[in-house]
Every structure is written in structure tokens, then in C-alpha cells.
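*Asks:*
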Amino acid sequence: MKPPQFEYAAPASLSEALALLTASDGEAKPLAGGQSLMPVLAFRLASPSLLVDLRHIPGLDRIEVGADGVRLGAKVRWRDIERDTRLATALPPLAEAIGHVAHYQIRNRGTVGGSLAHADPAAELPGIAVTCDAMIEIASSRGTRKVAAADFFEGALTTVLASDELITAIAFPAWPAGRVSAFEELARRHGDFAMAGTAVWFDVDRLGHASNTHIGVIGASDRPRRLNAAEAVLNGKPADATSIAAAARAAAQAVDPADDLHASAAYRRNLIEVLVERALTRASKQADSAVKGSH
Amino acid sequence: MKVSFKVNGKPVATEVEPRTTLSLCLRDNLRLTGTHVGCEHGVCGACTVIVDGDAVRSCLTLAVQMDGCAVVTVEGLSDEAALSPLQAAFRRHNALQCGFCTPGMLTTAHALLSEEPNASVERIREVLSGNLCRCTGYLPIVEAVLDARAAYGGPAYQPADAGHGASHASAGAAR
């Protein structure tokens with residue numbers, strides 16, 4: 067298996083990289099870790115005439131944690147996230163999901179920007195991005211723009227990115243203390259793409275009721291998405307076994323999973339119910355211990 | 016395109032097409048055939064090499080991306096006279112049969128133990144889950160990596176760590 071022929075450039079700056087993308091008239095692809103693009107090339111699902119390697123571009127590999135949230139540069143690798151101890155409190159769903167992303171060797175090269183641009187419907191980071199209201203920062207020779215993650219993914223392997231645009235970062239809003247979350251997925255082999263998965267979080271109001279509930283799913287549709295119908299079931303109620311089971315049932319009804327060789331649509335629908343129930347139950351236990359801790 | 020990098024400590028320079036993967040560059044251009052090519056799309060782990068200290072899949076890496084990097088292949092894990100402690104542990108535990116996956120298992124385990132000599136059995140299993148082996152059933156491989164930890168400054172070997180008997184180790188030692 068050999069990739070199709072292409073030219074290769076490794077520009078020294080972002081502006082040079084953007085100029086190359088603009089000049090190629092849609093024939094170029096950016097290359098970061100290559101962990102999604104290389105298999106695509108090996109199977110000849112794409113045949114770009116030019117790869118623009120981002121390896122020499124400075125400043126895209128930082129993890130910034132501040133009062134306004136977490137910002138990950140496009141070249142941040144999975145292993146960088148895995149080893150950043152600040153993220154366990156600054157963005158718990160990401161810290162939890164990262165353990166499920168790919169295998170050891172791929173985590174050493176795979177990047178945040180690459181995963182977002184590839185837009186696999188079962189990938190973890192796009193799911194976390196949509197569930198946690200992230201903004202994706204995009205640059206081109208024409209300027210910069212920010213797109214909400216919910217609007218970024220258009221379908222399987224399809225995003226709103228134009229051919230002359232490059233993802234530069236993803237920014238997550240601040241994570242308040244007391245917010246509870248959990249991530250669950252099922253894959254046949256740890257590190258493989260999930261058959262389905264879910265990220266959930268909610269706040270707990272003074273009455274002990276769930277509010278601002280976010281339930282996002284991966285592998286259950288052609289793109290990562292939130293399930294507003296299931297969120298509405300839990301909002302305003304105590305996160306107990308009854309309301310969690312009802313929300314999980316609503317989640318299963320809201321998804322439209324695909325049949326493929328890894329799992330049938332019926333199996334995936336059932337899996338979503340089980341995983342959402344597990345995730346909400348785990349999150350609710352964090353809420354319980356927070357309440358007990360405050361007395 | 017010309018590409019210059021280090022392989023197993025020695026500087027190399029070679030001419031490649033941009034589409035040449037690191038795995039094929041190592042095997043075809045540099046005649047280092049210890050790196051095995053299995054699935055060629057990043058699933059099997061057989062082609063794992065170490066780039067600047069990190070285990071990576073050489074089939075998912077372009078040779079031209081290696082310019083200025085330091086690559087270690089299975090050939091670089093020991094000199095020709097003797098096995099490294101990790102390799103010796105693989106032999107002692109019968110951690111290979113056909114041997115196709117072995118270079119990737121060794122490079123992956125070497126990178127892991129170099130950074131994490133105290134890696135737990137769970138961590139070792141998680142890391143090796145990216146490498147397919149169709150012969151051994153993995154238990155002897157996990158056992159061999161546990162055994163090799165001491166050589167990297169990790170804990171002394173306790174056969175029960177992997178959760179199964181020490182039969183592989185004792186069979187190897189009797190030979």
C-alpha cells in the first residue's frame with residue numbers, strides 16, 4: 067500500500083503555510099501528526115497534490131489553562147494532554163476521555179487539530195468539543211474566524227473548513243467548581259474507535275436539582291452531537307436513578323445510529339442508553355459527594 | 016527529496032519520494048529489515064520505531080518528516096554480540112513464536128520502560144494493546160516486559176504480577 071504521489075513542503079511560519087494552501091487551489095492538505103491523514107492516503111481515499119507539513123510552525127503546540135478556560139493549540143498531541151495534570155480540574159471530560167483516544171504510539175503523534183479536521187463520527191475529541199461548547203479557531207490568508215464546535219462538523223469526515231483554511235486552536239469555556247461530568251465509551255479493543263460513546267455534564271442547583279445538562283454522543287450519528295431531548299428530561303430534577311433512566315431512554319430514542327460491520331444500529335441504540343445511564347450515574351455520585359463535603 | 020536523520024546513533028542521508036513512509040525508507044533505502052510492515056495503516060503496531068524517544072508507527076510517518084530526528088529501530092536495541100535485557104526476557108518467557116510482531120513489541124516496550132520503568136501490569140497491557148500478536152496470546156509478552164522492568168531501574172520481577180502462573184519463565188530457565 068503506497069500513498070499516491072504528492073509534493074511536500076514544510077514552511078517555517080503560519081503565514082507561509084496559509085499562502086501554500088491558498089495557492090494550491092484546493093489540492094493541498096495540511097499535515098501535522100499524520101495519524102488520520104496517513105491511513106486516508108494509504109487507502110487512497112484522498113490524493114492531494116501537496117502536503118503542507120506544520121512541524122516547523124511555532125506556537126501551535128501550547129496548552130493554556132486560565133480563568134477563561136482551556137485552549138489547546140492545533141499541534142497539541144494526545145500525550146501532551148494526557149500528561150498535563152491541570153486538565154483534571156480545568157476540563158474533566160477531556161481528561162477522562164483522553165485515556166480512550168487511540169493507542170500508545172498514535173498518542174505520541176496524533177494532534178488535536180488533526181482529529182477535528184478529520185471529523186471521524188466516533189472520535190472522542192470532536193464529541194468533547196461539541197458537548198463542552200468549544201469554539202474552533204480557524205485561520206486562512208483571508209483572516210481568522212471562530213466556529214462553534216456544534217456548527218463545525220457537517221457529517222462523517224466533513225467539516226465547514228474551506229480548503230485554504232487551517233485549524234489553529236480549540237478553546238473551551240471555563241469549568242466551574244461543582245460541575246459534574248463523566249465520559250463512557252465501548253470499543254472492541256481499548257484504543258480503537260468506539261462503537262458508541264457519551265460525554266455528560268451538569269450543574270447542581272441549590273435544591274440539588276440538575277441544571278444546564280449537556281449530553282453528547284459519538285458513534286451514534288454521522289457526527290458528534292448533543293441530545294437536547296434527553297438533556298431536557300434531566301434538567302430541573304434530582305439526578306436520581308429514576309430521572310437518569312428516563313434521560314437515558316430519551317437519549318436512545320434521539321439517536322439515529324448506522325449499521326456497519328462493527329455493530330448493528332439496534333445494538334448501538336441500546337448501547338447509547340446503557341452508556342448514558344452509566345455516565346449520568348457516575349456524574350451524579352460526584353454531585354452527592356460534593357453536597358456531603360459541603361456539610 | 017533528500018532527507019537526513021539519525022538511525023541507531025548513526026547519521027544517514029537518503030533520497031526518497033515525499034510519499035515514502037518511514038517504514039519503507041528504513042527497509043528499502045537503508046536495508047534495515049528488522050522493522051516489519053504489517054497492516055500499513057496504523058492498526059497492527061508491527062512497524063513501531065522510536066523517534067526522539069517516542070514510540071511511533073513508522074507506516075504512519077513520512078520519511079521526509081524525519082529530517083533532523085533521531086530514530087531507533089529494533090536493530091538499535093542491542094549490539095550484535097548480546098541480547099538486551101528486554102530481548103533476553105522475551106526469550107526467557109517464550110514471548111514470541113513466529114516473530115513477526117516482535118520488533119514492534121520490543122520497540123514499544125523499550126520506549127515505555129525507558130520513560131516509565133515502574134509501569135504497572137495494567138499500564139503495560141494498555142500500551143501493548145496497540146500491537147497485535149496472533150501467536151502468543153500476549154500473556155508471555157506481558158510477563159517478559161514485567162521481568163525486564165528491573166533492567167530499566169524498575170521493580171524486581173515477581174512472576175505473579177501478570178495474574179497467571181510462572182510456567183513460561185521456569186520453562187525458559189530450564190533450557
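Heads up: the sequence lines are chains Z and B, in that order. Heads up: the first sequence is residues 67 to 361, going by our numbering. Heads up: the second sequence is residues 16 to 190, going by our numbering. Here a beta-carbon is modelled for each residue, glycine too, at the ideal position from N, C-alpha and C.
From the DSSP output, in three-state form, read off Z:W267 for me.
*Replies:* Position 201 of the first sequence, counted from the start, is the residue given in the question as residue 267 of chain Z. It is a strand residue.
*Asks:* Using the Cα positions of Z:S309 and Z:D288, report the straight-line distance between them to the nearest angstrom.
*Replies:* For the purposes of this step, residue 309 of chain Z is identified with residue 243 of the first sequence, where counting begins at 1. For the purposes of this step, residue 288 of chain Z is identified with residue 222 of the first sequence, where counting begins at 1. Whole-angstrom Cα-Cα distance: 28 Å.
*Asks:* Identify, in the order they occur along the chain, each residue of the same chain with its Cβ nearer than 7 Å to the Cβ of Z:A240, setting aside the five sequence neighbours on each side.
*Replies:* The sequence position of residue 240 of chain Z within the first sequence is 174, counting from 1. Excluding residues within five positions, the ones whose Cβ falls inside 7 Å are A133, D134 and G135.
*Asks:* Report all residues from its chain with a CB closer than 6 Å to the CB of Z:A345; omit the five preceding and five following residues, and keep chain order.
*Replies:* Along the first sequence, one-based indexing puts residue 345 of chain Z at 279. Hits under 6 Å: A248, E250, T264 and V266.
*Asks:* I need the straight-line Cα distance from Z:E220 to Z:K212, nearest angstrom please.
*Replies:* The residue labelled residue 220 of chain Z in the question sits at position 154 within the first sequence. The residue labelled residue 212 of chain Z in the question sits at position 146 within the first sequence. Whole-angstrom Cα-Cα distance: 16 Å.
*Asks:* Residues of the region 169 to 183 of chain Z with a CB closer than 7 Å to any CB of chain B: list them in chain order, please.
*Replies:* The region 169 to 183 of chain Z vs chain B, Cβ under 7 Å: H169, Y170, Q171, I172, N174 and R175.
*Asks:* What residues match up with B:K25 in a beta bridge as DSSP calls it?
*Replies:* Within the second sequence, numbered from 1, the residue matching residue 25 of chain B stands at position 10. Looking at the DSSP assignment, B:K25 forms a beta bridge with B:V22.
*Asks:* Flag this pair as touching only if the region 95 to 108 of chain B and the region 39 to 53 of chain B have three or more C-beta atom pairs under 8 Å; answer yes or no.
*Replies:* No, because fewer than three Cβ pairs between the region 95 to 108 of chain B and the region 39 to 53 of chain B fall closer than 8 Å, the two stretches do not touch.
*Asks:* In three-state terms, what does DSSP make of B:T35?
*Replies:* Numbered from 1 along the second sequence, position 20 holds the residue referred to as residue 35 of chain B. B:T35: coil per DSSP, three-state reduction.
*Asks:* List the whole-angstrom C-beta distance separating Z:F72 from B:R34, where the pair is believed to meet the contact cut-off of C-beta under 8 Å.
*Replies:* For this step, residue 72 of chain Z is matched to residue 6 along the first sequence. For this step, residue 34 of chain B is matched to residue 19 along the second sequence. Their Cβ separation, rounded to whole angstroms, is 6 Å, which keeps Z:F72 and B:R34 in contact under 8 Å.
*Asks:* Consult DSSP for B:M16 and reduce its assignment to one of helix, strand or coil.
*Replies:* As a working mapping, residue 16 of chain B is identified with position 1 in the second sequence. Coil.
*Asks:* Within the chosen definition, does the region 146 to 158 of chain B reach the region 172 to 192 of chain Z through at least 3 CB pairs nearer than 8 Å?
*Replies:* Segments in contact, no.
*Asks:* Let's test the definition: count the other Cβ atoms within 10 Å of the Cβ of Z:D326 and tell me whether it reaches 16, buried, or not, exposed.
*Replies:* One-based indexing of the first sequence puts residue 326 of chain Z at position 260. The residue is exposed, with fewer than 16 neighbouring Cβ atoms inside 10 Å.
*Asks:* If you pair each beta-carbon of the region 220 to 238 of chain Z with each one of the region 266 to 276 of chain Z, do three or more pairs fall below 8 Å?
*Replies:* With a cut-off of 8 Å, the region 266 to 276 of chain Z and the region 220 to 238 of chain Z do not count as touching, because too few Cβ pairs lie within range.
*Asks:* Taking only runs that begin and end inside the region 272 to 345 of chain Z, name each unbroken alpha helix (DSSP H) of 4 or more residues, in chain order.
*Replies:* Fully enclosed alpha helix (DSSP H) runs of 4 or longer: 294 to 300 and 307 to 320.
*Asks:* Kindly indicate which three-state DSSP category B:A189 falls into: helix, strand or coil?
*Replies:* Translated into the one-based positions of the second sequence, residue 189 of chain B becomes position 174. The predicted model places B:A189 with a pLDDT of 38, which falls under 50 and marks its position as unreliable, so this point remains unresolved.
*Asks:* Give me whichever residues DSSP pairs with Z:G132 in a beta bridge.
*Replies:* Counting from one through the first sequence, the residue named residue 132 of chain Z turns up at place 66. Paired residue(s): Z:G135.
*Asks:* Starting from B:L127, follow the alpha helix (DSSP H) in both directions and report where the run begins and ends.
*Replies:* Translated into positions along the second sequence, residue 127 of chain B becomes position 112. Unbroken alpha helix (DSSP H) run through B:L127: T117 to E130.
*Asks:* Got a sec: is the Cβ-Cβ distance from B:M120 to anything in chain Z below 8 Å?
*Replies:* Numbered from its first residue, the second sequence carries residue 120 of chain B at position 105. Chain Z, which has no Cβ nearer than 8 Å to the Cβ of B:M120, makes this no.
*Asks:* With respect to the beta strand (DSSP E) encompassing Z:E250, which residues constitute its N-terminal and C-terminal limits?
*Replies:* As a working note, residue 250 of chain Z is residue 184 in the first sequence. V246 to L252 is the extent of the beta strand (DSSP E) around Z:E250.
*Asks:* Go through its chain and collect everything with a Cβ distance to B:R190's Cβ below 8 Å, but skip five positions before and after it.
*Replies:* Counting from one through the second sequence, the residue named residue 190 of chain B turns up at place 175. Low per-residue confidence applies at B:R190: pLDDT is 36, beneath 50, and the placement is therefore not dependable enough to give any value.
*Asks:* Secondary structure at Z:R211, three-state DSSP: helix, strand or coil?
*Replies:* Working through the first sequence from its first residue, we reach residue 211 of chain Z at position 145. Three-state DSSP puts Z:R211 in a strand.
*Asks:* If we cut at 8 Å on Cβ distances, does Z:F72 have a partner in chain B?
*Replies:* Residue 72 of chain Z sits at position 6 when you count from the first residue of the first sequence. True, the Cβ-Cβ gap to chain B drops below 8 Å.
*Asks:* What separation, rounded to the nearest whole angstrom, lies between the Cα atoms of B:L161 and B:M120?
*Replies:* Taking the first residue of the second sequence as position 1, residue 161 of chain B is located at position 146. Taking the first residue of the second sequence as position 1, residue 120 of chain B is located at position 105. If I take the Cα positions, the gap works out to 13 Å.
*Asks:* How many whole angstroms separate the CB atoms of Z:N174 and B:A70, which I take to be in contact at a CB cut-off of 8 Å?
*Replies:* As a first step, residue 174 of chain Z must be located in the first sequence, where it is residue number 108. As a first step, residue 70 of chain B must be located in the second sequence, where it is residue number 55. Rounded, the Cβ-Cβ distance is 6 Å, consistent with contact.
*Asks:* Within 10 angstroms of the Cβ of Z:G285, are there 16 or more other Cβ atoms? Answer buried if so, exposed if not.
*Replies:* Within the first sequence, the letter at position 219 stands for residue 285 of chain Z. Classification for Z:G285: buried.
*Asks:* Along chain B, in chain order, which residues have C-beta atoms closer than 9 Å to that of Z:M104?
*Replies:* What you label residue 104 of chain Z is simply residue 38 of the first sequence in a count that begins at 1. Chain B residues near Z:M104: T36, H56, G57, R72, C74, L75, T76 and L77.
*Asks:* At a CB-CB cut-off below 7 Å, which residues of chain Z make contact with B:V142?
*Replies:* As a first step, residue 142 of chain B is located in the second sequence; it is residue number 127 there, counting from the start. Result: Y170.
*Asks:* Short of 6 Å in beta carbon distance, which residues of its chain neighbour Z:H122, apart from the five on each side in sequence? Order them along the chain.
*Replies:* For this step, residue 122 of chain Z is matched to residue 56 along the first sequence. Taken in chain order, the residues that qualify are A76 and A78.
*Asks:* Taking the Cβ atom as the reference point for each residue, do B:N23 and B:T88 lie within a distance shorter than 8 Å?
*Replies:* Sequence index remark: in the second sequence, residue 23 of chain B carries index 8 (1-based). Sequence index remark: in the second sequence, residue 88 of chain B carries index 73 (1-based). Yes, they are a contact pair.
*Asks:* Quick one: which chain Z residues come within Cβ less than 9 Å of B:D43?
*Replies:* Looking up residue 43 of chain B in the second sequence gives position 28. What B:D43 touches in chain Z: nothing, since even the nearest Cβ is about 11 Å away.
*Asks:* For Z:R128, go through chain B and note every residue whose CB falls closer than 9 Å to its CB, in chain order.
*Replies:* By one-based count along the first sequence, residue 128 of chain Z stands at place 62. Going along chain B, no residue has its Cβ under 9 Å from Z:R128, so there is no contact; the nearest lies around 19 Å.
*Asks:* Can you pull out the residues from the region 143 to 171 of chain B whose beta carbon lies closer than 7 Å to at least one beta carbon of chain Z?
*Replies:* If the cut-off is 7 Å between Cβ atoms, the region 143 to 171 of chain B has S144 and G145 near chain Z.
*Asks:* For Z:A312, which residues from the same chain have a beta carbon less than 6 Å from its beta carbon, with the 5 sequence-adjacent residues on both sides left out?
*Replies:* What you label residue 312 of chain Z is simply residue 246 of the first sequence in a count that begins at 1. Excluding residues within five positions, the ones whose Cβ falls inside 6 Å are V299.
*Asks:* What number of angstroms, rounded off, separates the C-alpha of Z:K68 from the C-alpha of B:I139?
*Replies:* Residue 68 of chain Z sits at position 2 when you count from the first residue of the first sequence. Residue 139 of chain B sits at position 124 when you count from the first residue of the second sequence. Going by the C-alpha atoms only, they are around 32 Å apart.
*Asks:* Between which two residues does the beta strand (DSSP E) harbouring Z:S102 extend?
*Replies:* One-based indexing of the first sequence puts residue 102 of chain Z at position 36. No beta strand (DSSP E) contains Z:S102, which DSSP labels as neither H nor E.
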